[in-house]
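Below is one structure; the comments refer to it alone.
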Amino acid sequence: TGWMHNRLRMITASFLVKDLLIDWREGERYFMSQLIDGDLAANNGGWQWAASTGTDAAPYFRIFNPITQGEKFDHEGEFIRQWLPELRDVPGKVVHEPWKWAQKAGVTLDYPQPIVEHKEARVQTLAAYEAARKGK
């Protein structure tokens, strides 16, 4: 649609920058090219905040867990089912971790496995930020 709720923007930015360790400027450029309400200052500032850079940054150790964010802000998974038709038949709250449900239920989903394990990515990211903070 060209529009995203601010919470979804923050979760997306955190995932790209802190789980995947991709330069925030890549996401910033993509959002500016795709979002209909693209505003240079707000977009740039939002990405710097998520990346823990810039003048008003989130602490570098603030790393959103995409699963718990989904559970908190899309409790029943309605948004997920609306925008990911591959998951529309996944029942209830397990839609937040469909790969676990599919394995237990013996179901094959036409949906990819996670590309990164958040817990491991978080450890890597904290180490990278701490090294940068110490000038290493």
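Under the UniProt record's numbering, the letters of the sequence shown match residues 1 to 136, in that order. We treat Cβ as the ideally placed atom computed from N, Cα and C, and that holds for glycine.
My output table needs one value for Gly-70: the three-state DSSP class, helix, strand or coil. Along the sequence shown, one-based indexing puts residue 70 at 70. It is helical.
Where Lys-119 falls, given that 16 or more other Cβ within 10 Å makes a residue buried: What you label residue 119 is simply residue 119 of the sequence shown in a count that begins at 1. Exposed: under 16 other Cβ atoms inside 10 Å.
Let's see if you can read the secondary structure: which residues bound the alpha helix (DSSP H) around Phe-79? Sequence index remark: in the sequence shown, residue 79 carries index 79 (1-based). Element bounds for Phe-79: 78-83.
Spatial neighbours of Trp-99 in its chain, beta-carbon cut-off 6 Å, leaving aside the 5 residues before and after: The sequence position of residue 99 within the sequence shown is 99, counting from 1. Result list for Trp-99: Gln-113, in chain order.
Is Thr-55 helix, strand or coil by DSSP? As a first step, residue 55 is located in the sequence shown; it is residue number 55 there, counting from the start. In the structure shown, Thr-55 sits in coil (DSSP, three-state: anything other than H, G, I, E or B).
Are the CB atoms of Ile-63 and His-96 nearer to each other than 8 Å? In the sequence shown, counting from the first residue as 1, residue 63 sits at position 63. In the sequence shown, counting from the first residue as 1, residue 96 sits at position 96. No, Cβ-Cβ distance for Ile-63 and His-96 is not below 8 Å.
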